[in-house]
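2 protein chains.
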Amino acid sequence: MNMVQKSKDAQIFSKEEELQRERQRVTSVGITSYEYDSQSGHFLFTTAGQLYRCHEENDSAVPELVPHSVTGAPLCPTFSPISSDIIAFVRNKDLWIVSMKSGEEHQLTEQHSNFTSDIVIDSRSAGVPSFIIQEEFDRHIGYWWQPHQTVPGKYCILVEMTDEKNVDIIRTLDPSDICSECECHRYPRSGRPNAVQSVALVEFELDEMHQISNLATKYLNFDLKSVFPWMEYIVRCGWLPDSASVWLQLLDRNQQRLQVVRISLSCFNSDVEIAHSHGHRIPGIQLLKEETSDVWINVTDILSFLTETSIGSEDNFCCSFVWASEATGYRHLQKISVGDFCLPCDGNGNVETPRSRQESWLTSGEWEVDDSSVWVDEARSLVFFQGTRDSPLEQHLYVASLVPGSHIECLTAIGHNHSVTMSEDCCRFVTLHSSLSDFPAIDVVQIDAPVGGTLPTVACCKNIHTHKLPEELGYWKQPPESFSFTTTDGCLLYGLMFKPERINAGEKYPVIQYVYGGPHAQLVTNVFPTARFALLNLLTKLGYVCIAIDGRGSARRGLQFEGHIKYRMGTVEFRDQIEGLQYASTKYDFMDMRRVGLLGWSYGGYMALIGMAQHHDVFQVAVAGAPVTHWETYDTGYTERYMGTPQQNPEGYKAGSVLQMVKMFPNEYNRLLIVHGLIDENVLFRHTSALVDALNRSLKPYTLQVYPNERHGIRKNTAHYWATILSFLEKNLKYRYSTASSS
Amino acid sequence: MNMVQKSKDAQIFSKEEELQRERQRVTSVGITSYEYDSQSGHFLFTTAGQLYRCHEENDSAVPELVPHSVTGAPLCPTFSPISSDIIAFVRNKDLWIVSMKSGEEHQLTEQHSNFTSDIVIDSRSAGVPSFIIQEEFDRHIGYWWQPHQTVPGKYCILVEMTDEKNVDIIRTLDPSDICSECECHRYPRSGRPNAVQSVALVEFELDEMHQISNLATKYLNFDLKSVFPWMEYIVRCGWLPDSASVWLQLLDRNQQRLQVVRISLSCFNSDVEIAHSHGHRIPGIQLLKEETSDVWINVTDILSFLTETSIGSEDNFCCSFVWASEATGYRHLQKISVGDFCLPCDGNGNVETPRSRQESWLTSGEWEVDDSSVWVDEARSLVFFQGTRDSPLEQHLYVASLVPGSHIECLTAIGHNHSVTMSEDCCRFVTLHSSLSDFPAIDVVQIDAPVGGTLPTVACCKNIHTHKLPEELGYWKQPPESFSFTTTDGCLLYGLMFKPERINAGEKYPVIQYVYGGPHAQLVTNVFPTARFALLNLLTKLGYVCIAIDGRGSARRGLQFEGHIKYRMGTVEFRDQIEGLQYASTKYDFMDMRRVGLLGWSYGGYMALIGMAQHHDVFQVAVAGAPVTHWETYDTGYTERYMGTPQQNPEGYKAGSVLQMVKMFPNEYNRLLIVHGLIDENVLFRHTSALVDALNRSLKPYTLQVYPNERHGIRKNTAHYWATILSFLEKNLKYRYSTASSS
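For the protein sequence lines, the chains are A and B, in the order given. So in my numbering, the last spot in the first sequence is 1438, and the numbers never skip. So in my numbering, the last spot in the second sequence is 1438, and the numbers never skip.
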């Protein structure tokens, strides 16, 4: 598919389409796996286990059911770049294609040989990433079409192969199902074995009528682990623009070393026997970039190869790409050119390293480029990206020159937060924007060419279409406001204040501190508060003050800020929370500091427990939802990034374990509510049951609300869940002192 | 072992030994599997997975560790009747013997061929009954030594073989163990397949030095199911006195037909191939007794063969035995003589039936013989038994003549409840006796020969030793009193009244109705209230009135009384409970009927839930512990006896399901407390989680207390469990109206 020839407007409006889809998802229509081909105008979706193809310009057309002959839901469907009549998808943990022309399906891989759901017996899969890669590295696809055909009619797909045979199995019961067997999951806990990943090529030919022939799988002719013995994860994959080589991003277990390596297609062959690399050279493996960190490496999707990349022989290959690095402490863009590869004389495996390397920073400063899409306009030598330059509470679209040393321009209006999608020609973008007080809207913006060939500026941007979101979402009578404060040790932090809907002068109101506290998240942004804060909205209607603080460890403030929690989760987060609470109480005189409750989910549930254990002089009650209670039972990819393994950091695991704090919990009833779904397969229910067992043994009171049919988010019992929390807070926080004073 | 030659006193004092052992068990010394050989004076016990032998006359001796060479705890140890140096036991689900002389162990059966705990793979066992036989038919041993050797040095053991391969596996997690796999149990739910049982003979020889030889297993030469196609369970087994045949008690799935059959040793042979019985006669299977019932058959241990039993040829075999039957509606003793067997002409399989049959009732009347030991003194033609003749609230020792038509005599003092063990010569007995107000004591009683060869009477009984139990158990300031009332439909029922420790005239006190309501149990007895009512004792100290009612369905009142619940559990029990409560409230004017709570465990938890659903006008709160919530998830042996299968009685299962009553629960908070152990493998936690899920969906409030490491009884968290219940009752029942009246 020629990316340049695409229909422009189709891409522009796909953002609205996406929002539409999101609304559908929220209202449980159950459509997922949207895939759009801007060239043909086709898009794909799955619903009720069936795959459908539609055309964007034919709104009233009945979606075409993609033919199927075999049992099993099609997942992760994509169009071939050659034709939207050829669709790849994953079924029963193997890769398949289907032709809309012939109506025939073909199974391309045979990793998961039995059509069984028994993960105990059948631990292998193709085309679908393992739990950790999906959950903790945010990659949900496991196969990649070759962008251009080198031989007409010959198709090639890079496929990830996964074997989970060494990964521990955890079982969750659906205890409400009287006949249920266990639900089994391969779940690698911190310090335990991960899935083993590798890649292969699947090749096949399709004739005019889409009859398949010459299906073959080619494997790497070397063992990844012998060339990269330090490697634990393949976090990202893709094709170089020449279609003659692929790239992998390899990460070590401690997540402090990452390499981008190019692998020539000549390294794949049909011979299953793998030559071990020791002692003889394997041509075609080249190191394009290495990152190391004393903190950790945040894996992103930012890697754009430039077409100036060229291939001569294997030896004089050179390439350029845009990359994002946190080497300076803040994520910034680099343009990197490497070439003239040779084997290093230090005996560093069989990886060729570049003799020639040019790395230039395209951006810099004490702010960061966001972990989201970057669009490169090679014709005008521009790169568009989103970042925090103007405020850590907002996201904006920026443009920089690919020529290093230039300044950068912000293309969106300060005072709103912008979430942007660019057209492929970088001439238009769609922004979903809002502020804490302004309701969300979508603008379609045209970027006119700047005069004098300089960088485009906000003055070049012309709003050509605006779409307001439906008004029924506007339930806030008085939106929250942000505030900032400086901690006693000099760190600038931000908070949100949600005032009660009605405030009588001189009266004080009970306070809910809504807490998360963990990495990779930001609560305080200049974004209109929608579903995320719906419960807090209800609380303000009931006369509560709600506050939220982004302490050190939260996202978008740079690596040192985030790395504050390194190796010491559960022990350092609360200081910032309490200083924020105290600051707010001086700024807002209607906060009743005798009635403060904690409310949090997941990491926030963990924080709520720690708050109740260690600071019950400050907090009268805590509601802990689906809490982590000890890190040994959370997964490898997340936990080890921040805490190392239990073997490396036993003191840190012990210090951060709520199970070790049980004796510190208060002895009064009705101060702690724990909520958990029994079939939560992310933060397992055994986090809560281990805590409950310890609380029982220490004779500590608490209230437990379980949802037998819920996972990590409460979806089917929202009304009960809200009623439970509100009832708990009304009885045990709001009327706590009013009752006491009357007796 | 010649039973007559035993040391007399040893047997007498074994009762005290047993009590001692019980106290040890209660105080968690963890000694189990006591086995006593009165001839040698040896006894066996296991502790910490090891088997020990002791001698009764050597109190200070170190117990001998029984030699072992193989991993796996020895269970169910017994002495050979020939020598207390030969001990049989079950290990890893197979039968073993060990010689104290040679120190060698021998595995006798190889059913559970792998030394694995994986019940999924290895479903067979020998010598140990299935879960249902143990839990619901109260038989815990699965092998029986031949009483006399027919060839010197040749030993023979009847062994039960069990295969659970068709039984559903349920899994319970220990969710507090972060690394745990599932705990698997074979658990047959009502309507689902049971374990398959059969019997075999194990024969072996031991020389002087106890070296084993000629080990052989002999199987039945016919298929039990083809001769007894209606049979579901082998509920009891044993040897006839001649040692030349064994008897089995076979029960059908509906538990309405039972046969006692004699099987000649000639029916066992080493040829594994089983001849199907169709079309040709299998000699040596004889029907000794058949019971049928429209209600159900309560299986007991009462079956004593008399030595007048004789064997001539297979054809003129005759035998006599003492048997207990509920054919008259009350369990009474029969003396039965059968002989002159022949195949029936109605083609009833291959079972020979007696042409000669004499059945005489030894006891009769509207009272019942208890399901406990019966001692036959053939020399004096007497039978000793326990029963309810003088009061259904007391148990007494009675004696009757084996000559039908005589009267019976009570040998224990009315006004106390007696639990008796007789010496083998029937000249002495030990009784543990008490009343509601009198503390337990143990008497050793000698029965002098009556004058004139008549029945012994209480006048013949001389107390020769008395032992008081330790005083620390006497925590009742004021023991409960029993009362009786007649229901509006004319049924006499009994209740217990536990008064508050202090009563001020005119004041009314909150009421706890302690409920069980299910079959096979009796709360109201004239027995000193010890551990069973410890929680109620605490409640009376806190100022609560407690009552307990034995409604229709409870034990020791005859089959019609018990059969009141047949096919309709959960729908008929509460009427008697409420009438009892109302009667008590008129009799005892200090009961505050505005503050009545329900408290029950297991079936009582089920009742507490039903009370809260259907009678929350009467009961303000309910505490439901480990409740059944629907009968489809309870086991076959229990549920089907009372309810039939779900297929036979779908309306009954639906009517008795708490899940069907969810909308009837009150909408107020703090009225229902549910308590359950997460690893309860009797009433599975999924009973509670199914209810909780249904309550959540119906937005019904409740309080849940779970114990992650507890099974059907709370053992490790008693203090927390009591504190939880007391706190719930204090806040939500006792102070319910005092708070309301002040507002």
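C-beta: ideal position from N, C-alpha, C; glycine also. The model shown is predicted, which means the values in this text are computed figures rather than measured ones.
Cβ-Cβ distances below 6 Å link SER959 (chain A) to SER940, GLY979 in the same chain, with the five nearest sequence neighbours on each side left out; the list follows chain order. Here TRP1171 (chain A) carries a coil assignment [DSSP, helix/strand/coil]. Straight-line measurement puts the Cα of GLN954 (chain B) at about 15 Å from the Cα of ARG1052 (chain B). Secondary-structure assignment with DSSP links ASN1158 (chain B) through a beta bridge to B:VAL1140.
The beta carbon of TYR1364 (chain B) falls within 9 Å of a beta carbon belonging to chain A, placing the residue at that interface. Chain-ordered listing is empty here: chain A has no CB closer than 7 Å to the CB of HIS1407 (chain B), the nearest sitting near 16 Å. The contact set of ASN1391 (chain B) on chain A, defined by CB atoms closer than 7 Å, consists of TYR1402, ASN1412, HIS1415 in chain order. Taken in chain order, the whole beta strand (DSSP E) runs of length 3 or more contained in the stretch 788 to 874 of chain B are 789 to 794, 800 to 802, 819 to 821, 838 to 840, 849 to 858, 864 to 867. The beta strand (DSSP E) runs lying completely inside the stretch 1198 to 1240 of chain B and spanning 3 residues or more are 1204 to 1209, given in chain order. Inclusion of GLY886 (chain A) and GLU1346 (chain A) in the CB contact set at 9 Å is not warranted, their separation being larger than that value.
Beta-carbon to beta-carbon, GLY1060 (chain A) and ARG1026 (chain A) are separated by about 11 Å, too far to satisfy the 8 Å threshold. One Cα belongs to ASP947 (chain B), the other to GLU927 (chain B), and the distance between them is close to 5 Å. With a contact defined as Cβ atoms closer than 8 Å, GLN981 (chain B) and VAL1017 (chain B) miss out at about 18 Å. When beta bridges are read from the DSSP output, PHE1423 (chain A) appears opposite no residue. For LYS913 (chain A), the uninterrupted beta strand (DSSP E) run begins and ends at 907 to 915, by DSSP. For the set B:PHE1360, B:ALA1216, B:VAL1370, B:ALA1317, the Cα lying nearest the Cα of ASN1427 (chain B) is the one of B:ALA1317.
Inter-segment contact for the stretch 1217 to 1236 of chain B and the stretch 1409 to 1421 of chain B is present: three or more beta-carbon pairs are separated by less than 8 Å. VAL930 (chain A) carries a strand assignment under DSSP once its states are collapsed to helix, strand and coil. When secondary structure is reduced to three states using DSSP, GLN1272 (chain B) falls in the helix class.
A direct Cα-Cα distance of roughly 22 Å separates ALA911 (chain B) from LYS796 (chain B). Rounded to whole angstroms, the Cβ separation of LEU1150 (chain A) and SER1068 (chain A) is 19 Å, and the two are not in contact under 8 Å.
When the beta-carbon positions are compared, ASP780 (chain A) and SER794 (chain A) come within less than 9 Å of each other.
In the structure shown, ILE997 (chain A) adopts coil according to DSSP, grouped into three states. GLY1300 (chain A): not part of any beta strand (DSSP E); member of the alpha helix (DSSP H) spanning 1298 to 1309, first to last residue.
Taking the Cα of VAL1353 (chain A) as reference, the smallest distance to any Cα among A:ASP1245, A:ASN1362, A:TRP934, A:ALA1303 is reached at A:ALA1303. ALA1350 (chain A) has a beta carbon lying at 9 Å or more from every beta carbon in chain B.
Only those residues of the stretch 1277 to 1310 of chain B whose C-beta falls short of 7 Å from the nearest C-beta of chain A would be listed, and there are none.
As computed with DSSP, ILE1242 (chain A) is found in a beta bridge with A:MET1192, A:GLN1208. The beta carbon of HIS1128 (chain A) sits closer than 6 Å to the beta carbons of HIS1111, HIS1113 from its chain, once the five residues preceding and following it are set aside; these are given in chain order. One alpha carbon belongs to PHE738 (chain A), the other to PRO772 (chain A), and they sit about 10 Å apart. Residue contact check for ALA1317 (chain A) against chain B: no CB pair falls below 9 Å. By alpha-carbon distance to SER1130 (chain A), the top candidate from A:LEU1164, A:PRO1099, A:ALA1200, A:VAL1222 is A:VAL1222.
When C-beta distances to chain A are compared with 9 Å, the residues of the stretch 1328 to 1341 of chain B below that value are THR1328, in chain order.
Taking every protein chain shown into account, the CB of ASP902 (chain A) has fewer than 16 other CB atoms within 10 angstroms, so this residue is exposed. Excluding five sequence positions before and after THR804 (chain B), the CB atoms of its chain that fall closer than 7 Å to its own CB belong to ASP789, LEU790, ALA821, GLY822, VAL854, VAL897, THR912, given in chain order. DSSP places ASP1072 (chain A) in the uninterrupted beta strand (DSSP E) bounded by 1070 to 1072.
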